[in-house]
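Student:
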Amino acid sequence: MIYRNFTLSVRPHDACGALPSNLEQSRLLWSRSRMGVTYARGNCDPGLGLTLTPSSGRRTTTLENTSSHHEWEDHKFKWDPLEYGGVKELYVPSEHIWLPDIVLYNNADGEYVVTTMTKAVLHYTGKVLWTPPAIFKSSCEIDVRYFPFDQQTCFLKFGSWSYDGDQIDLKHINQKKGDMVDVGIDLREYYPSVEWDILGVPAERHERYYPCCQEPYPDIFFNITLRRKTLFYTVNLIVPCVGISYLSVLVFYLPADSGEKIALSISILLSQTMFFLLISEIIPSTSLALPLLGKYLLFTMLLVGLSVVITIIILNVHYRKPSTHKMAPWVRKFFITKLPKLLLMRVPKDLLRDLAAQKIAGRSLKKNKFKDALAAAEQTNSNASSPDSLRHHMPGGCNGLHSTTATNRFSGLVGALGSLGAGYNGLPSVMSGLDDSLSDVVPRKKYPFELEKAIHNVMFIQHHMQRQDEFNAEDQDWGFVAMVLDRLFLWIFTIASIVGTFAILCEAPSLYDDTKPIDMILSSVAQQQFLPVDSGDST
1 MIYRNFTLSV RPHDACGALP SNLEQSRLLW SRSRMGVTYA RGNCDPGLGL
51 TLTPSSGRRT TTLENTSSHH EWEDHKFKWD PLEYGGVKEL YVPSEHIWLP
101 DIVLYNNADG EYVVTTMTKA VLHYTGKVLW TPPAIFKSSC EIDVRYFPFD
151 QQTCFLKFGS WSYDGDQIDL KHINQKKGDM VDVGIDLREY YPSVEWDILG
201 VPAERHERYY PCCQEPYPDI FFNITLRRKT LFYTVNLIVP CVGISYLSVL
251 VFYLPADSGE KIALSISILL SQTMFFLLIS EIIPSTSLAL PLLGKYLLFT
301 MLLVGLSVVI TIIILNVHYR KPSTHKMAPW VRKFFITKLP KLLLMRVPKD
351 LLRDLAAQKI AGRSLKKNKF KDALAAAEQT NSNASSPDSL RHHMPGGCNG
401 LHSTTATNRF SGLVGALGSL GAGYNGLPSV MSGLDDSLSD VVPRKKYPFE
451 LEKAIHNVMF IQHHMQRQDE FNAEDQDWGF VAMVLDRLFL WIFTIASIVG
501 TFAILCEAPS LYDDTKPIDM ILSSVAQQQF LPVDSGDST
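Residue numbering for the sequence shown follows full-length UniProt numbering, starting at 1 and increasing by one per position.
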């Protein structure tokens, strides 16, 4: 419970007259519509205390279950206990006495005053005590910029509705010097809230002048500073969001050959969307500011959406074929030679060997050595056209292909035709133009039919194997480029997730506020709850 205390000073009307000499006559003339005044002193000092339990939530109103404590002095209720058998106090219905009309100005429920009229206690000194229960709903603007690490400040404005400052001088009961009271609410009977910590409850007295009147109207502001307890939101909201955001990073660690990259990305995106719909009921509904948790959810959804798009692009690169996509030299140089070293990746030796061979072939083509190789092959063929040379090198007729001279001559021809085939774009073109190439290089009538057919078949096999090796090598190049892209975005998304998580969630000022809640210090109920249990008493 929270106690709020007021002190009211009432100045007398000028038309009230002097105090009657007969005490019994003044009591007979008493009316509850008249304020109690002290004519000797010229004022009366009523006091008001209030007990409440705040339950501020995600809406813009705060609900207080209160038990108010009113205290003031009325000279009409003074008596001598010796004259009335030692009676020092009486319990009377509050409907029959004068009550100060202290109301909550920023009420949000329509009930500005206390509606439950309990009995009041009259002391022989003239002091009146009245403690009715009440429920107030006050309007409070909720700032959700740092939700769930937010800190709210709500105020309660109390004042007299009918009387001005010349009639009722409203003061806080603990007000000594100045208009400020550091601890304006008594927290000794406060039951700690499971959602909020109370950081401060100062009270301040104001005097306002309205255009309608010349008299001041005093009021008291109670500023209640609350800090949200974040354990529930951390376990149920933040930890799942962080986990889902890091799952999007693992998409790039999954191999493309598994066939589950897109399925994993879409599953993460759907789970993120469903989670966002569920927590929309918990986040305060407001359009004034975007909550901190909302920012993080949008950030994670952006990461997951980008991971889906990038995964599709990587799969497209992985399944590219040399027959449809020719790899540019700068792509091979950047993604196979340079970037893997920066990403701490090991390049397969086959790729490096193929890359070196392609460099050598490119240099040879640039130097235009194909003509030299072709001329050497023609010269070799002309030397082999004589019957003596053929009989010398092929003693077994057409089956004598094991001679050293014939082997060298055949190798030169194979090399010439291999260089010719290296300029072709695809395997079908090689097959269709192979006969013409052989007819240009090898005169058909200079060799026996069996030898010419054997050379033709060997050249076809050599051409086919060469083109197949080039096809497979370039196919592996596309797969390795996709692997490099996976590793690149794995690092990018990991760094972005870590930096984004700390940059967004650590933005809340309350994370760096080590102020201890005063409700745990001042509340006797809270101290009893956290008392150590004596094991001897339990036995």
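Where a beta carbon is used, it is the ideal one built from N, C-alpha and C, also for glycine.
Just so you know, these numbers come straight off a predicted model, no measurement behind them.
Contact check, residue 508 vs residue 297 under 8 Å by CB: the rounded distance?
Tutor: Contact doesn't hold; Cβ gap of about 15 Å is too wide.
Student: Should the segment 196-205 be called in touch with the segment 166-175, which here means at least 3 C-beta pairs below 8 Å?
Tutor: yes
Student: Whose C-beta lies closer than 8 Å to the C-beta of residue 331 among residues of the same chain, with five residues either side of it excluded?
Tutor: 481
Student: How do the segment 116-132 and the segment 83-92 stand: do at least 3 beta-carbon pairs fall below 8 Å, yes or no?
Tutor: yes
Student: Just mark residue 301 as buried or exposed, buried being the case when its beta carbon has 16 or more other beta carbons within 10 Å.
Tutor: With 16 or more other Cβ atoms within 10 Å, it is buried.
Student: Whose C-beta lies closer than 8 Å to the C-beta of residue 299 among residues of the same chain, with five residues either side of it excluded?
Tutor: 245, 500 and 504
Student: Using 8 Å as the threshold, is the segment 154-172 in touch with the segment 215-231, meaning 3 or more CB pairs across them?
Tutor: yes
Student: For a test of the three-state rule: what should DSSP assign to residue 199, helix, strand or coil?
Tutor: It is a strand residue.
Student: Going by the DSSP bridge assignment, what does residue 217 pair with across the sheet?
Tutor: According to DSSP, residue 217 bridges with 208.
Student: Note the first and the last residue of the continuous alpha helix (DSSP H) segment covering residue 519.
Tutor: 519-522
Student: When burial is assigned at 16 or more other CB atoms within 10 Å of the CB, is residue 159 buried or exposed?
Tutor: buried
Student: With three or more beta-carbon pairs closer than 8 Å as the criterion, would you say the segment 138-150 touches the segment 270-288?
Tutor: Counting Cβ pairs under 8 Å, three or more are found: they touch.
Student: Does DSSP classify residue 97 as helix, strand or coil?
Tutor: coil
Student: When we look at the beta-carbon of residue 256 and count the other beta-carbons within 10 Å, is it buried (16 or more) or exposed?
Tutor: Residue environment: residue 256 is assigned as buried (16 or more neighbouring CB atoms within 10 Å of its CB, all protein chains considered).
Student: Residue 48: buried (16+ other C-beta within 10 angstroms of its C-beta) or exposed?
Tutor: A caution first: residue 48 carries a pLDDT of 48, below 50, which makes its placement in the model unreliable, though a value can still be read off. Answer is buried; the Cβ neighbour count reaches 16.
Student: Do residue 523 and residue 187 have their beta-carbon atoms positioned less than 9 Å apart in this structure?
Tutor: A Cβ-Cβ contact shorter than 9 Å links residue 187 with residue 523.
Student: Using 8 Å as the cut-off, classify the Cβ of residue 259 as near or not near the heavy atoms of the ligand FMN, replying yes or no.
Tutor: As for the ligand FMN, it is missing from this structure, which has no ligand bound.
Student: How would you call residue 329, buried or exposed, if buried means at least 16 neighbouring beta carbons within 10 angstroms?
Tutor: exposed
Student: Identify every residue that forms a DSSP beta bridge with residue 90.
Tutor: 122, per the DSSP bridge assignment.
Student: Alpha carbon to alpha carbon, how far is residue 116 from residue 95? Give it in angstroms, no decimals.
Tutor: 10 Å
Student: Under 8 Å, with one C-beta from each stretch per pair, do the segment 480-498 and the segment 340-347 reach the 3-pair mark?
Tutor: yes
Student: Beta carbon of residue 130, beta carbon of residue 170: below 9 Å?
Tutor: The answer is no: Cβ separation not under 9 Å.
Student: So what does DSSP say about residue 332, is it helix, strand or coil?
Tutor: helix
Student: Under the three-state reduction of DSSP, which class applies to residue 115: helix, strand or coil?
Tutor: coil
Student: Determine the closest residue to residue 234 out of 191, 279, 221 and 269, with distance taken between C-alpha atoms.
Tutor: 279
Student: Hey, could you find the ends of the alpha helix (DSSP H) residue 241 is sitting in?
Tutor: 239-250
Student: Anyone know if the C-beta pair for residue 478 and residue 320 falls short of 9 Å?
Tutor: yes
Student: Looking at the secondary structure, which residues open and close the beta strand (DSSP E) in which residue 153 lies?
Tutor: 151-160
Student: Using the three-state DSSP reduction, which class does residue 180 fall into: helix, strand or coil?
Tutor: DSSP, read as helix, strand or coil, puts residue 180 in strand.
Student: Taking just the CA atoms, how far does residue 326 sit from residue 449?
Tutor: In this structure, the CA atom of residue 449 is about 39 Å from the CA atom of residue 326.
Student: With a threshold of 16 other CB atoms inside 10 Å of the CB of residue 140, please say whether the residue is buried or exposed.
Tutor: The Cβ neighbour count for residue 140, taken over all protein chains shown within 10 Å, is at least 16; the residue is labelled buried.
Student: For the alpha helix (DSSP H) containing residue 338, name the first residue and the last one.
Tutor: Per DSSP, residue 338 belongs to no alpha helix (DSSP H) and is neither H nor E.
Student: Report the residue from 218, 315, 213 and 515 whose alpha carbon sits nearest the alpha carbon of residue 254.
Tutor: 315
Student: Which parts of the segment 261-329 are runs of the alpha helix (DSSP H), unbroken and 4 residues or longer, counting only runs that do not cross its ends?
Tutor: 261-279 and 292-318
Student: Between the alpha carbons of residue 193 and residue 520, how many angstroms are there, rounded?
Tutor: 10 Å
Student: Can you list, in chain order, the residues of its chain whose CB lies under 7 Å from that of residue 396, leaving out five sequence neighbours each side?
Tutor: The predicted model places residue 396 with a pLDDT of 42, which falls under 50 and marks its position as unreliable, so this point remains unresolved.
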